[in-house]
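Q: Just so we're aligned, residue 30 is where the sequence shown starts under the numbering used here, counting upward by one.
The C-beta atom is built at its ideal place from N, Cα and C for all residues, glycine as well.
This one's a predicted model, so the numbers in the text were calculated from it and none came from an experiment.
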Amino acid sequence: MTETAGPRLWFETPAPRWLATLPVGNGRLGATVFGRVYKETVIFNEDSVWTRWPDDRHNPDALKALPEVRRLLLSGRIEEAHTLAELSMFGKPHRQASYQVLGDITLLFG
Numbered sequence: 030m031t032e033t034a035g036p037r038l039w040f041e042t043p044a045p046r047w048l049a050t051l052p053v054g055n056g057r058l059g060a061t062v063f064g065r066v067y068k069e070t071v072i073f074n075e076d077s078v079w080t081r082w083p084d085d086r087h088n089p090d091a092l093k094a095l096p097e098v099r100r101l102l103l104s105g106r107i108e109e110a111h112t113l114a115e116l117s118m119f120g121k122p123h124r125q126a127s128y129q130v131l132g133d134i135t136l137l138f139g
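1) Determine the DSSP secondary structure at E75, reduced to helix, strand or coil.
2) Going by beta carbon distance, what residues of the same chain come within less than 8 Å of H87, once the five residues before and after it are set aside?
3) Closest to G132 by CA distance: which of G139, H111, N74 is it?
4) Do you know offhand how far L48's Cα is from S104's?
5) Given that a residue counts as buried once 16 or more other Cβ atoms are within 10 Å of its Cβ, and exposed if not, what is T112?
6) Sort out for me which residues DSSP pairs A60 with in a bridge.
Rendered as structure tokens:
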């Protein structure tokens, strides 16, 4: 048998819960696998399945606040600069949308 080139991941045990699964994908389609031998569950997602529709998160106040944030940073007033940047420069809304599960499949091997 010929060895394939490239990195490999080897796990001693299957993932006990979803947060420990192995994510795989190409940036548009994704899945997680648990690594079970006889009964595998694969959970899928796709980049159009979100908690809300994509929207413009542009903050129109960001550029206006930049000179003041820089001035505060240069004068050593780091926490004030951070607060001003958070209030005026972060995208709106502050929270990014999250991927949702497209579906899952359980494969049984005998």
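A: Here's the rundown:
1) As a working mapping, residue 75 is identified with position 46 in the sequence shown. Strand at E75.
2) Position 58 of the sequence shown, counted from the first residue, corresponds to residue 87. Closer than 8 Å at the Cβ level, and outside the excluded window around H87, lie G120, K121.
3) Taking the sequence shown and counting its residues from 1, the one referred to as residue 132 is at position 103. The candidate whose alpha carbon is nearest that of G132 is N74.
4) Position 19 of the sequence shown holds residue 48. Position 75 of the sequence shown holds residue 104. Rounded to the nearest angstrom, the two C-alpha atoms are 43 Å apart.
5) Against the sequence shown, residue 112 aligns to sequence position 83. Classification for T112: exposed.
6) Locating residue 60 in the sequence shown gives position 31, counting from the first residue. DSSP lists V53, F73 as partners of A60.
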